[in-house]
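Top to bottom, those sequences are chains A and B.
Position one of the first sequence corresponds to residue 1 (my numbering), numbered consecutively onward.
Position one of the second sequence corresponds to residue 373 (my numbering), numbered consecutively onward.
Read through the structure below, which is laid out as C-alpha cells, and then see the notes.
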Amino acid sequence: MTTAWIDGQPVSSGEAIREAAKLLSMSRLPLVTGRFDDISALREAARVAGFSGGVLDHSDLGRVAPLIEALRDNGIIRISPGEVRRRADRVLVVGADPFAGSEAVFEQIFAVDPDLGAKAKGGQREIVLLGPDEPGRFSEVKGHVRTVGCPADQLGDAIGVLRAGLGGKPFGDGPFEEGAARALAGWLKDAAFAAIVFDATELDAISIESVAGLVSDLNAETRASALPLTAGSVYGAAEGAIWVTGFPLRTAFGRGDPEHDMMLNDGAWLISSGESDARIMLSYDETALDVADVPTILLSTAEEPAGEGARVIFKIGRPGVDHPMVHHEPRFGSFVSTPAEHHGMATNAADILSAIADQLGKAHHSNDEARA
Amino acid sequence: MLTCLKGGHVVDPANGIDEVRDIFIKDGKIVDAPAEAGSANETVDCSGMVVMAGAIDIHSHIAGGHVNTARLLLPEWHRAFSARPGETALSKVGWTTKETGLRYAEMGFTTVVEPAMGPQAALHAHLELADIPIIDKATLVVLGNDDMLMSMIRDGESDEAIADYVLWTVDASKALGVKCINAGGSAAFKENVRSYAFDTEVPDYGVSSRQILKTLQKAVTDAGIPHPLHVHCNNLGVPGASADAAEATIRASEGMPLHLAHIQFYGYGIEGRRGFSSKGEELARLINENPDVTVDIGQVMFGQTVTISSDEMRQFAGRAQASPGKSIIMDQEANGGGVVPMNYKEKSFFNALQWAIGLELFLLIEDPSRVFFTTDHPNGAPFTTYPDIFALLMDRNVREKWIEALPKSVKKWTSLPEIEREYTLAEIATMTRAAPAKLLGTRDRGHLGSGATADISVYRPNDDKAKMFGAAAYLFKDGVKVVENGAVVAKPYGRALTLKTHSDAKMGSRLDRYFDEAYGLQSRWFKVEGSALRRETPFREVPCLS
Ligand SMILES: [Zn+2]
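In C-alpha cells, the structure reads:
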C-alpha cells in the first residue's frame, strides 16, 4: 500500500522524508502548521520548526488567541469542570451556547447535583443563562434554570455592569433590565461557590479580562471561579508548545532563539503575504485541500490523499483510532493518553515528523535529541 | 570501554573518601580499578580537579501544569533570555524544558525532583520531564486535599485501605514519593476559609490538617516508600503563624521520618515595629533536636522570579503582592494552586531578612545530611542562582560583602553576621549528593562506589566558589561526557525514576467507580503510560524498602 507520494508519484516513505527535509531546508521561512490533535505530533513538529528555522503555528490558534492574551496580560482565577460539577451551587453561563463542541463537559457538570461543601450539598444547582433568551440544551438539566437576556455582542459590557453592581458603584444598566444587574451580582455573591462558564473562543480578550475581573472581585469575600471553554485541540497544542518552545505557538525559530508574535507569525498571513515559501501541514480533513499556493508537504488522514497539489504527501493514521494519542482532555483539565481503537499499519504523524526532524538535524551536525 | 578519570581529588562522603584517586567507568557504571594499571581505553586528566558524584536537587518545580502556566503568564522573561542574556537569574533559566536540562547539567547536576505533581497532572508532568535532556528526573505526587483521602479518614477506613489508595496513586502517576501541601488547606479555601492551621478542621469533612498529615505519614511509611512524606506546612510565609506551623509539624513527626520543604519560608517571627523577624535560630535548634526530621531550605535570592505552588490558599493571599500585578489561581479537584510573580528586592527589609533567615538555617542546622540545598525553584529564586549560594555557604567573606549591601536595619535582626561556619567540600558533597540519594532511596547514585551509576561531576577549584560550581569542568551522565568546560557537548535523554510498586486490584476497581461517579472522570486518565512519552527508556524503577 502506498503511503507517500512526491509530485503525485508513489515513493518509499524514506524518499519522501528526504525530499521533505530538502524542501524545508531550502526554504527561506517554512511554516509548520495544521491541527495537532495528538501532542506527540506537536512535540515532533516543534523539532521540525526548530531545525528548519521555520514558524510553528496551529491552524485554529486564532480561536484561542484572545484567551491566551487575557491570561497572560491579566491572569484569572479558574476552575476545572470536575470541581464545578461537585461544588458549584450557582453557575452563570455566559453566551448563546458556550457548550457547543464541549458536550462532554456539559454532561459532566450538569448531570448531577452538587455534593461537596457544607452549604452547597443536598441542594439543587441554580443556573443563570446570560445570553439570547432561550434555554437550548439546558431545558433538561438537573437544577433550576433561568435566562437573563443579553445580546451576544453586549456580553462583555454585561459582565462589566455586573462588576460595577457588585462594587456598589453607580452604574448604568447596560443591556440589563432595571435592577437585574444588581440582583444578579448579589446572586453570585451569595453563592456557596459560584462558577462563571464561557466560550473563550467567542469572547474578545477585553471581555475575558472582564470575566476575570468579576471573579477576582467576588473572591474578596466569597468563592467564585471561571471556567473558560475551548472546544477542539488547539488549547492543548498551545500548552504543549509552551513547554517545548516557551511560547503558545506562532513562534519563529529563524534567528536561533524562539521568537513569539501572534500577528507576525500567523501562518495564514505568512502564506498570503509570501513571507513563507514552503509549508508542512498536518490535516485530518477528508476533503481535498487547496495547497497550490506554496510548495507543501502534506500529512493527511484522507482516504486517498494523493493528487491535491502538494509537493510531498504522507498518508497518516487517525490519532486515537489507528494509533494511540496523547491529547488535552477538557473534562480532566489535563493531558491523557488514548489507545488505538484497532491495531493497524497506519503511520503515526509523529513518527513522520520525527524522521523529518532527524534528517534536518543531521544536516545541522547536531547532537540533539539522541534517544537514550 | 573503560574510562579512567585520573588523579582528581575525589570527594565521596558516602564512602568516606576525601583524597586523590582514580575513578573508572564502564558501561555507564562506576567500576573497581582494573588489575592491570593503564588498561583504560580512555583517560580524562582530572589532576588538580575536584571529583564528586552528580548533584541531586530534591525540590525544584521544573515540570507540570502549574509550571507551564507560569511560562504562559510570564513570556517576557523568555524574551529576556533571547535578547538580553544574563540580565536576571530567571532569564538565565530560559523557559523551556530543554533549557532546564542544559542549565542543570552545566552546574554538574544529574538528578532533579519535581516535588508537586498533582495526580491529574501526572501525564502532563511526565511529558515535560521526557523533554528535559541530560538529567534524570523524579516526581512526588501530591495528596492531602483530595476528597478521597479526606473521606476515607472521616469514615474511619483502615490503614491498609488508605495505604492501598496512596500506592495506587503513586503507581498510576509514576511518582517516586508523596508530598502533602498545606494538608486540607485548599479544600478549606474552597469553603471560603481564609485562616487555617495545623489543628483546624476542614469544613464538611471534620478532619484536621494534623490528621491528614499523620495519616499520610503512616501510609507512606507502612507502604515502604523510601522517601519520607514530603511536607509543605500550613501558613507558609505568614509571620508568627508560619513558625508555629513548622514547630507543630516537627513535633508531630513522633519518631517517624518526615521531610519539611522550603523551611526558610517558615522562619518568620513577629517582633519589631515591622512585625517581621527571624525565627531562624529557634527553628534550627528544633531541627537539630529532632533527628526524624529532614528539611530543605528554599533560599531566597534577590531579583525577579515567580512563585508556583499547589498551596492555593497561600497563593490566593499572595496575589495582592504580585509583581508584575497579575496571577493565575486554580481551583482543581484536589490541591489546585497558583502562579504569582514575585520580585525579591535587596533593599527591602522583608526580602533581605528572608535571605538572611535562609542562610541562618543552612549554617545553624548542624548535620549536612539533614538539610538540603534548594531555592524551591523558582519560588525563592531560580536554580541558576545556585553557584552564588554555594559561595555564600563556603565563604564567610562573600557573606560579609552581601550583608554590607543590605539595609542597615536588617543586621540588627539576624545572627548571620556572627556565624563563622563555612561549608567544606565534603559537607557540600554530603548535602547535594550523598544525603539526597539516601533520602530518595536512590542508592545507585549520590556516591562514587563500585556499581554506582556513572553520574560524575568534575570541578576546577577556584577561590571564587560561584565560578567553581557555576561551570563543571566535566559532567558524565551514565558514563557519557555531556559537559566540558561548562558547556554542554551531548544531550542524551535521562529517565524518570519511579517507585517499583504495584497497586491493589480491588482499590483499582473501587477508584474506577469513584472517579466516574464523583467527578465524571475515567480512572485510566490518571495512569501514565511510558509509551505516551516517546522515549526509549522513559523510566527507571527504584525499589521499595522491604
Ligand atoms: Zn516547592
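Here a beta-carbon is modelled for each residue, glycine too, at the ideal position from N, C-alpha and C.
Alpha carbon of residue i to alpha carbon of residue j, nearest angstrom
i        : j        : result
B/LEU601 : B/THR593 : 8 Å
B/HIS874 : B/SER530 : 19 Å
B/ALA859 : B/THR621 : 42 Å
B/PRO491 : A/ALA100 : 29 Å
B/SER523 : B/ALA535 : 14 Å
A/PRO324 : A/ARG72  : 32 Å
B/TRP540 : A/PRO132 : 47 Å
B/GLU705 : A/GLU83  : 5 Å
B/ARG882 : B/ARG582 : 26 Å
B/VAL382 : B/GLY866 : 24 Å
B/VAL672 : B/LEU733 : 12 Å
B/GLY516 : B/PRO575 : 14 Å
A/GLU286 : A/SER59  : 16 Å
A/LEU227 : B/LEU893 : 17 Å
A/LEU203 : A/ALA302 : 33 Å
A/GLU341 : A/ARG318 : 10 Å
B/ASP683 : A/ALA88  : 21 Å
A/GLU107 : B/GLY612 : 46 Å
A/ASP57  : A/GLY34  : 7 Å
B/THR909 : B/MET685 : 38 Å
Under 8 Å by beta carbon: chain B residues contacting residue i
i        : result
A/ILE6   : Residues of chain B passing the Cβ test: none, with the nearest at roughly 27 Å.
A/ALA374 : With chain A running from 1 to 372 in the structure shown, residue 374 of chain A is simply not present.
A/SER40  : ALA904, ARG906
A/ARG250 : Neighbours of A/ARG250 on chain B: none; closest Cβ ~11 Å, over 8 Å.
A/ARG78  : ILE700, ILE701, MET702, ASP703
9 Å Cβ cutoff, residue i in contact with chain C
i        : result
B/ASP816 : Considering every chain present, this structure includes no chain C. Its protein chains are A and B.
Within 9 Å, strictly: CB atoms of residue i and residue j
i        : j        : result
B/ASN751 : B/THR677 : yes
B/SER558 : B/ASN707 : yes
A/SER225 : A/ALA195 : yes
A/PHE176 : A/LEU184 : yes
B/TRP897 : A/GLU329 : yes
B/ALA806 : B/SER741 : yes
A/ALA191 : A/VAL161 : no
B/ASP748 : B/LYS562 : no
B/PHE745 : B/TYR758 : yes
B/ASN606 : B/ASN554 : yes
A/VAL294 : A/ASP277 : yes
B/ILE507 : B/PHE481 : yes
Contact set between residue i and chain A, taken where Cβ atoms lie within less than 9 Å
i        : result
B/ARG882 : Here the premise fails: no neighbours, minimum Cβ distance about 18 Å.
B/GLU728 : The amino acid at residue 728 of chain B is misidentified as Glu; the sequence shows Ala. Ordered by position in chain A, no residue passes the 9 Å Cβ test against B/ALA728, which lies about 31 Å from the chain.
Where residue i meets chain B, residues with beta-carbon distance less than 9 Å
i        : result
A/ARG223 : PHE561, LYS562, GLU563, ASN564, ASP703
A/ILE208 : None at all; the shortest Cβ gap to chain B is about 13 Å.
A/GLN108 : TYR891, GLY892, LEU893
Neighbouring residues, chain A, relative to residue i (Cβ below 7 Å)
i        : result
B/SER614 : Per Cβ cutoff of 7 Å: no residues; B/SER614 is ~23 Å from chain A at best.
B/ALA868 : Going along chain A, no residue has its Cβ under 7 Å from B/ALA868, so there is no contact; the nearest lies around 13 Å.
B/THR468 : TRP243, VAL244, THR245, GLY246
B/TRP897 : GLU329, PHE332, VAL336
B/LEU893 : GLY82, ARG331, PHE332
B/GLU901 : SER337
Chain-ordered neighbours of residue i on chain A, where CB pairs are closer than 8 Å
i        : result
B/SER699 : GLY75
B/ASP519 : ARG86, LEU116
Cross-chain neighbours of residue i in chain B, by beta carbon under 7 Å
i        : result
A/HIS260 : PRO447
A/GLU239 : ASN440
Residues of the stretch 470-503 of chain B whose Cβ lies closer than 7 Å to any Cβ of chain A, in chain order: GLN492, ALA493, LEU495, HIS496, LEU499, GLU500, ASP503
At least 3 beta-carbon pairs within less than 8 Å: the stretch 701-711 of chain B vs the stretch 575-589 of chain B: no
Residues of the stretch 429-446 of chain B with Cβ closer than 7 Å to any Cβ of chain A, in chain order: GLY437, ASN440, ARG443, LEU444, LEU445
Contact residues within the stretch 311-323 of chain A, judged by C-beta distance below 7 Å to chain B: none
Chain A contacts from the stretch 526-560 of chain B (Cβ-Cβ distance under 8 Å): none
Sufficient close CB pairs (3 or more, under 8 Å) joining the stretch 28-36 of chain A to the stretch 251-271 of chain A: yes
contact_flag[the stretch 643-656 of chain B, the stretch 677-692 of chain B] where n(CB pairs < 8 Å) is 3 or more: no
Inter-stretch contact (C-beta, 8 Å, three-pair minimum) for the stretch 92-112 of chain A and the stretch 234-252 of chain A: no
Members of the stretch 566-600 of chain B near chain A, C-beta cut-off 7 Å: PRO575, ASP576
Contact residues within the stretch 635-665 of chain B, judged by C-beta distance below 8 Å to chain A: none
Touch test, the stretch 39-48 of chain A against the stretch 384-401 of chain B, Cβ-Cβ under 8 Å, three pairs minimum: no
Residues of the stretch 181-203 of chain A with Cβ closer than 7 Å to any Cβ of chain B, in chain order: PHE193
Sufficient close CB pairs (3 or more, under 8 Å) joining the stretch 841-853 of chain B to the stretch 814-832 of chain B: yes
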